[in-house]
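Residue numbers (our numbering): 3 to 351.
Quick reminder that beta carbons are idealized off the backbone N, C-alpha and C, glycines included.
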C-alpha cells in the first residue's frame, strides 16, 4: 500500500524533460562580419572576433551558413556567419533548425549587358582557354571552384578570406561581380594548401613543403591543392619570394603551368606588384616579364596585377623602406577585385 502511495506522488510531479542545448560554435577567423542574409554579397551587420562563442539558432540546408544568437542584436539585424569562419565547440549542428532566408537576387542579363568593359589588365579569354575550364568537369573538377597558389600576399587571411569575412564588402560590387561571387562562393572561405608565407615557385612541386598528412610523400603543395580542392581554375601568384633566386624562377615556374594543364585545370598567371628582385641584381621587371612571356607561350590567361596597381598609393605596397613587397590594404582590395573580374571574364560575363 505504501509503495502505491509513493508511486502516486511521483506521478503527480513527473520529471520535466529539458530541451536540448543549442549547438555552440567558436569563431576561428581573426575577425569577421556577420551578414544580413546567408550570402557573401549581403551587407555586413555586426563584427565578431576569434575565440568568441555563440549558440547556433539556425542554419542553411547545406550548413554552409549559421545563424547565431547574438546578445542585444535587434530582431531585424542579420546574424549569419559563413561556416568556414568558425568551428563547432559543442552539440550537434544538425539540431539547429533549417532557416529559409531570402537571398539577394542575381542581376538580370539586361543589367549585366550594361556593365562597362573590364580594364586592360584583365585577360581577354580565348575560346580555347574557356574550353579548358568548361571541360574540367571531365576530370572531376567543379566549375564553381577555384583556388590560388601563392606566397604571403596570397594567404587566405589577406586574400580570399577577406571577402569571406566581410573585410572586403562584396555588397557594393556591380551586379555581374556579385553574381560571380555567389557562383564561386564555396572557394572564398577555403584555406589553400599552396598559399603560404615563404612559398616560392621552387616549393610548389616539392613534397618537402606539403602537408604529409593530406598529400602523402610524393605530391608538392601545388599538386596536392589541385587534387584536394577539385578546383577548375587556379590563380598562380608567385615571384616575390624569388628575390635572390630570380635566375631559377622560370625553370621552377614552367612545371606548375604544365601540371595544371595536365590535370585539366585552367591556370591564370598573375604578375606581382613589386620588383624586389632588382635589389639582388635582376633586370627591372624580370620575373613579371617571364610570367607574361610564359602566359603567351602556353596560351593561358594573364592577369597583369603589376599594371592593375600602378594607380594606387605606393603601387599598392606597404612602405617598408627599400624593400616594399607586402600589399597594402588598397593593394589587397585591388587583388580581390581583379580576381573577381577575371573569374567573370572566364565565365563569359
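Cα-Cα separation, residue 274 to residue 280: Locating residue 274 in the chain shown gives position 272, counting from the first residue. Locating residue 280 in the chain shown gives position 278, counting from the first residue. Near 13 Å, if we compare the C-alpha coordinates of residue 280 and residue 274.
Does any C-beta atom of chain D lie closer than 8 Å to the C-beta of residue 268? In the structure shown, chain D does not exist; there is a single protein chain.
Mapping DSSP to helix, strand and coil, what is residue 38? Start at 1 with the first residue of the chain shown, and residue 38 comes out as number 36. It is coil, neither helix nor strand.
Using DSSP's beta-bridge definition, name the partner residues of residue 253. As a first step, residue 253 must be located in the chain shown, where it is residue number 251. Paired residue(s): none; residue 253 is not in a bridge.
Can you give the Cα-Cα distance for residue 345 and residue 143, rounded to whole angstroms? Working through the chain shown from its first residue, we reach residue 345 at position 343. Working through the chain shown from its first residue, we reach residue 143 at position 141. Roughly 16 Å between the two C-alpha positions.
If distances are taken between C-alpha atoms only, which option among 294, 89 and 283 comes closest to residue 270? By one-based count along the chain shown, residue 270 stands at place 268. Considering only alpha carbons, the answer is 294.
How should residue 336 be labelled, buried or exposed, when 16 other C-beta atoms within 10 angstroms of its C-beta is the threshold for buried? The count along the chain shown starts at 1 and reaches residue 336 at position 334. When all chains shown are included, residue 336 counts as buried.
Just list the alpha helix (DSSP H) runs in the region 159–220, keeping only unbroken ones of 4 residues or longer that don't cross its boundaries, in chain order. 162–166, 177–185 and 214–217
Going by beta carbon distance, what residues of the same chain come within less than 7 Å of residue 243, once the five residues before and after it are set aside? Start at 1 with the first residue of the chain shown, and residue 243 comes out as number 241. Excluding sequence neighbours, residue 243 sits near 153, 200, 201 and 202.
If you check the beta carbons only, do residue 245 and residue 282 fall under 8 Å apart? Taking the first residue of the chain shown as 1, we reach residue 245 at position 243. Taking the first residue of the chain shown as 1, we reach residue 282 at position 280. Cβ atoms of residue 245 and residue 282: closer than 8 Å.
Quick one, are the C-beta atoms of residue 88 and residue 47 less than 8 Å apart? Walking along the chain shown from the start, residue 88 turns up at place 86. Walking along the chain shown from the start, residue 47 turns up at place 45. Cβ distance not < 8 Å, so residue 88 and residue 47 don't count as in contact.
Counting Cβ pairs, one atom from each stretch, are 3 or more of them under 8 Å apart for the region 324–341 and the region 158–177? yes
Measuring alpha carbon to alpha carbon, tell me which residue in 321, 33 and 44 is nearest residue 174. Taking the chain shown and counting its residues from 1, one reaches residue 174 at position 172. Nearest of 321, 33 and 44 to residue 174, Cα basis: 44.
Residue nearest to residue 226 in terms of C-alpha spacing, selected from 241, 239 and 205: Indexing the chain shown from 1 puts residue 226 at position 224. Of the candidates 241, 239 and 205, the one whose C-alpha sits nearest the C-alpha of residue 226 is 205.
Check this for me: beta carbons of residue 300 and residue 259, under 8 Å apart or not? Residue mapping note: residue 300 aligns to position 298 of the chain shown, counting from 1. Residue mapping note: residue 259 aligns to position 257 of the chain shown, counting from 1. In contact: residue 300 and residue 259 (Cβ atoms closer than 8 Å).
Rounded to a whole number of angstroms, what is the C-alpha to C-alpha distance between residue 326 and residue 277? Working through the chain shown from its first residue, we reach residue 326 at position 324. Working through the chain shown from its first residue, we reach residue 277 at position 275. Those two C-alpha atoms are separated by around 9 Å.
At the level of alpha carbons, what is the spacing between residue 97 and residue 35? Translated into the one-based positions of the chain shown, residue 97 becomes position 95. Translated into the one-based positions of the chain shown, residue 35 becomes position 33. Cα to Cα, the separation comes out at about 24 Å.
Can you name the residues that DSSP bridges to residue 224? Taking the first residue of the chain shown as 1, we reach residue 224 at position 222. Answer by DSSP bridge pairing: none, since residue 224 is not bridged.
Is it true that the region 123–131 meets the region 298–318, where meeting means three or more beta-carbon pairs spaced less than 8 Å apart? yes
May I ask which residues mark the beginning and end of the beta strand (DSSP E) holding residue 151? Here residue 151 is taken as the residue at index 149 of the chain shown, counted from 1. 144–152 is the extent of the beta strand (DSSP E) around residue 151.
Residue 137 beta carbon less than 8 Å from that of residue 2: The structure shown has nothing for residue 2, since the chain only spans 3 to 351.
Beta-carbon proximity of residue 228 to residue 189, cut-off 8 Å: Sequence index remark: in the chain shown, residue 228 carries index 226 (1-based). Sequence index remark: in the chain shown, residue 189 carries index 187 (1-based). No, they are not a contact pair.
If distances are taken between C-alpha atoms only, which option among 239, 284, 234 and 253 comes closest to residue 262? Taking the first residue of the chain shown as 1, we reach residue 262 at position 260. Here the closest residue by C-alpha is 234.
Measure from the alpha carbon of residue 211 to the alpha carbon of each residue in 151, 253 and 180, then state which is nearest. One-based indexing of the chain shown puts residue 211 at position 209. Out of 151, 253 and 180, 151 has the C-alpha closest to the C-alpha of residue 211.
Own chain residues within Cβ distance below 8 Å of residue 33, not counting five before or after: Counting from 1 along the chain shown, the entry for residue 33 is found at position 31. For residue 33, where only same-chain residues beyond five positions count, the Cβ hits under 8 Å are 49, 50, 51, 52, 167 and 169.
Looking at C-alpha atoms only, which residue of 65, 130, 290 and 26 is the closest neighbour of residue 348? Against the chain shown, residue 348 aligns to sequence position 346. Nearest option by C-alpha distance: 130.
Does the Cβ of residue 91 have 16 or more other Cβ atoms within 10 Å, making it buried, or fewer, making it exposed? Here residue 91 corresponds to residue number 89 of the chain shown, with the count starting at 1. Per the 10 Å Cβ criterion, exposed.
When we look at the beta-carbon of residue 80 and count the other beta-carbons within 10 Å, is it buried (16 or more) or exposed? As a first step, residue 80 must be located in the chain shown, where it is residue number 78. Residue 80 is buried by the Cβ-count criterion.
Pick helix, strand or coil for residue 318, following the three-state DSSP scheme. As a position in the chain shown, residue 318 is number 316, starting the count at 1. If DSSP states are grouped into helix, strand and coil, residue 318 belongs with the helices.
Alpha carbon to alpha carbon, how far is residue 73 from residue 302? Give it in angstroms, no decimals. Taking the chain shown and counting its residues from 1, one reaches residue 302 at position 300. Taking the chain shown and counting its residues from 1, one reaches residue 73 at position 71. Using only the alpha carbons, I get a separation of about 50 Å.
Residue 100: which of 133, 66, 76 and 240 sits nearest, CA to CA? On the chain shown, residue 100 is found 98 positions in, with the first residue counted as 1. The shortest Cα separation from residue 100 among 133, 66, 76 and 240 belongs to 66.
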